[in-house]
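Before any comments, here is the structure.
There are 2 protein chains.
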Amino acid sequence: MRDGPDIAEIASLIGDPARAQMLMALADARAWTAGELAREASITAQTASAHLAKLEAAGLVRIEAQGRHRYVSLASASVSDALEALLRLAADQPKPKRKPGPRDPALRHARSCYNHLAGEVAVRLTDHFLARGWLKGSREGGWHLSQAGAKGFADAFGITVDELGSRKPLARPCLDWSERRPHLAGPLGSALLESLFEHGWVRRADGRTVTLTKRGEERIAALVGGSTR
Amino acid sequence: MRDGPDIAEIASLIGDPARAQMLMALADARAWTAGELAREASITAQTASAHLAKLEAAGLVRIEAQGRHRYVSLASASVSDALEALLRLAADQPKPKRKPGPRDPALRHARSCYNHLAGEVAVRLTDHFLARGWLKGSREGGWHLSQAGAKGFADAFGITVDELGSRKPLARPCLDWSERRPHLAGPLGSALLESLFEHGWVRRADGRTVTLTKRGEERIAALVGGSTR
DNA sequence: GGGATGCTTCGCTCATGATCGAACTATGAG
DNA sequence: CTCATAGTTCGATCATGAGCGAAGCATCCC
Chain R
1 MRDGPDIAEI ASLIGDPARA QMLMALADAR AWTAGELARE ASITAQTASA
51 HLAKLEAAGL VRIEAQGRHR YVSLASASVS DALEALLRLA ADQPKPKRKP
101 GPRDPALRHA RSCYNHLAGE VAVRLTDHFL ARGWLKGSRE GGWHLSQAGA
151 KGFADAFGIT VDELGSRKPL ARPCLDWSER RPHLAGPLGS ALLESLFEHG
201 WVRRADGRTV TLTKRGEERI AALVGGSTR
Chain L
1001 MRDGPDIAEI ASLIGDPARA QMLMALADAR AWTAGELARE ASITAQTASA
1051 HLAKLEAAGL VRIEAQGRHR YVSLASASVS DALEALLRLA ADQPKPKRKP
1101 GPRDPALRHA RSCYNHLAGE VAVRLTDHFL ARGWLKGSRE GGWHLSQAGA
1151 KGFADAFGIT VDELGSRKPL ARPCLDWSER RPHLAGPLGS ALLESLFEHG
1201 WVRRADGRTV TLTKRGEERI AALVGGSTR
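Chains R and L, in that order, give the protein sequences. Each residue of the first sequence is one higher than the one before, counting from 1 in this note's numbering. Each residue of the second sequence is one higher than the one before, counting from 1001 in this note's numbering.
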């Protein structure tokens, strides 16, 4: 059927494995260069170039030249929304394949996702908050902060509810690309990342990677138990 | 890249025009037979059969045999969420292609979408409510019912806010598949559809189609002006 | 039971598009 | 200016999968 609906065109663009890999990398960070994306997706520069031209033409990505580098980023929140919805759908599948997401171990471990923490560490912390009852399931399928949680976050991270503002919900699950499980997002997630920076538990390793400091490893291990590596 | 992420597999399933057409038809209604879907997508029964087998294997649809008929429905809300996200993304594109959605003119005109009204009539009514200020944009990007709207819905449709219950939001935009613009959903949308039935403005034509009665045409023309056909 | 209808499976065709080697252009660094 | 690197374009290859004719099975109706 030649004149299919628009969603087929968009979906078929996302449906190529190399392009999907690149889009998912972009969903996590502000911008990657074309060369980085090619390496991430294990394709040659020329193949990446052709793919990116298609994604740009369809309005899924924006490309800005800076000297010899081409910086690529997702064109809008609609793109990341669609990727997230597809990932949620894929996560429902009975036989998950190998983990998607960044190949780089450092990116899997800890990274910033928009304005909150993502990766193994973020998921472990989130699991801990849920296990301790600091976060509880809410009626809308998201999370809310319990009273024990309010005290816990204040004690452990110096985050008080007052400073989170009036945006609701304060805490929401954001599916973690690399771990396939939720990590903490929302104003509380943002405040957590900020607190981790302020207390010196994490620092920026490069534009996308967040590194646990020695102090951070100790503190988090003390908080949740076990080792972070 | 052989071991691509899961979203590529899901997206490539949706990325075939015939499959996309069938999925969108399913998103609107409870169930279609395999033969109806084949006709909807203008493909042969054997092609549809192969496509549906793939969609079922991937967990996107459920198929139930009833005698010689196979009834197909979407497997979960995650599927319709993903379709809606893709449609929102496609709606952002600069050069929309021809309208997607049901081929059947009756389905384009008026139909039920889950538990509220969809199609041309629904979009026209919604436009009217917005133009009159009965519905206003809310902070979260949805809609809320104004005071004028509460009075207007009570006068025109006998719907009072009290009977809508405590679910929030009372009114939300739901992107209309066939019109590419929002129609009214949420408790208010449900109540509107119910009211239209009760007042005899619409009636069921078959499992999926809603027909405006003569009285309904007159009343809606009087309310919003112009003709409905 | 016979014929009609709904649907599945098999085998084959062929259009599509991802991929990469080669060549080229643009930019940056020494 | 030279060389290295980033990225684009062109042309050719080939794997993939949508599509349908044919055949077969299941169900329904007269």
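Backbone N, C-alpha and C fix where the C-beta goes; we use that ideal spot for every residue, glycine too.
Check	Outcome
Can you pull the chain R residues whose beta carbon is under 8 Å from the beta carbon of residue 1081 of chain L, in chain order?	85, 88, 89
Below 9 Å on C-beta distance, what does residue 1073 of chain L contact in chain R?	Per Cβ cutoff of 9 Å: no residues; residue 1073 of chain L is ~15 Å from chain R at best.
Output yes or no for whether 8 Å exceeds the beta carbon distance between residue 86 of chain R and residue 80 of chain R.	no
Using a Cβ-Cβ cutoff of less than 6 Å, which residues in the same chain neighbour residue 22 of chain R once the five nearest sequence positions on both sides are dropped?	37, 41
Indicate whether at least one CB of chain L lies closer than 8 Å to the CB of residue 186 of chain R.	no
From what residue to what residue does the alpha helix (DSSP H) around residue 199 of chain R run?	Careful: residue 199 of chain R lies outside any alpha helix (DSSP H) and carries neither H nor E.
With DSSP as the reference, identify every bridge partner of residue 172 of chain R, one or two as the case may be.	R:185
When we look at the beta-carbon of residue 126 of chain R and count the other beta-carbons within 10 Å, is it buried (16 or more) or exposed?	buried
Give me the Cα-Cα distance between residue 1048 of chain L and residue 153 of chain R, rounded to the nearest whole angstrom.	54 Å
Can you list, in chain order, the residues of its chain whose CB lies under 6 Å from that of residue 1064 of chain L, leaving out five sequence neighbours each side?	1071
For residue 1083 of chain L, which residues from the same chain have a beta carbon less than 7 Å from its beta carbon, with the 5 sequence-adjacent residues on both sides left out?	1023, 1024, 1027
Between the alpha carbons of residue 144 of chain R and residue 1219 of chain L, how many angstroms are there, rounded?	46 Å
In chain R, which residues lie less than 8 Å from residue 1078 of chain L when you measure between Cβ atoms?	85, 88, 89, 92
At a Cβ cut of 9 Å, what residues of the stretch 1011 to 1024 of chain L count as close to chain R, listed as they run along the chain?	1011, 1012, 1013, 1014, 1015, 1016, 1017, 1018, 1019, 1020, 1021, 1023, 1024
In the DSSP output, which residue or residues are listed as bridge partners for residue 66 of chain R?	R:69
Would you say residue 59 of chain R reaches chain L, if we count a Cβ-Cβ gap shorter than 8 Å as a contact?	yes
Please report the straight-line C-alpha distance between residue 1119 of chain L and residue 1184 of chain L, rounded to a whole angstrom.	11 Å
Mind checking whether residue 1135 of chain L and residue 1171 of chain L have CB atoms under 8 Å apart?	yes
Quick check: what's the CA-CA separation for residue 1173 of chain L versus residue 1131 of chain L?	15 Å
Within the 8 Å Cβ cut-off, does residue 51 of chain R reach chain L?	no
Would you call residue 6 of chain R buried or exposed, if buried means 16 or more other Cβ atoms sit within 10 Å of its Cβ?	buried
What does a CB cutoff of less than 8 Å around residue 146 of chain R pick up in its chain, not counting 5 residues either side in sequence?	133, 134, 135, 136
Give me the Cβ distance between residue 8 of chain R and residue 1011 of chain L, rounded to the nearest whole Å; I'm assuming they're in contact under 8 Å.	Not quite, the Cβ-Cβ distance comes to about 10 Å (not below 8 Å), so this is no contact.
How should residue 1162 of chain L be labelled, buried or exposed, when 16 other C-beta atoms within 10 angstroms of its C-beta is the threshold for buried?	exposed
State the start and end residues of the unbroken alpha helix (DSSP H) segment that holds residue 1037 of chain L.	1034 to 1040
For residue 202 of chain R and residue 216 of chain R, which I take to be in contact (beta-carbon distance under 8 Å), what is that distance rounded to the nearest angstrom?	5 Å
According to DSSP, is residue 13 of chain R helix, strand or coil?	helix
Quick check on the burial criterion: 16 or more other C-beta atoms within 10 angstroms. Buried or exposed for residue 204 of chain R?	exposed
For residue 56 of chain R, which residues in the same chain have their Cβ closer than 6 Å to its Cβ, ignoring the five residues on either side in sequence?	63
Span of the alpha helix (DSSP H) holding residue 1164 of chain L?	From DSSP, residue 1164 of chain L is part of no alpha helix (DSSP H); its letter is neither H nor E.
Tell me where the alpha helix (DSSP H) around residue 1055 of chain L begins and ends.	1045 to 1057
Rank L:1156, L:1034, L:1043 by C-alpha distance to the C-alpha of residue 1223 of chain L and give the top, closest one.	L:1156
Considering Cα atoms alone, identify which of R:187, R:121, R:149, R:148 is closest to residue 210 of chain R.	R:121
Can you find the residues in the same chain that come closer than 6 Å, C-beta to C-beta, to residue 1150 of chain L, ignoring five residues on each side of it along the sequence?	1161
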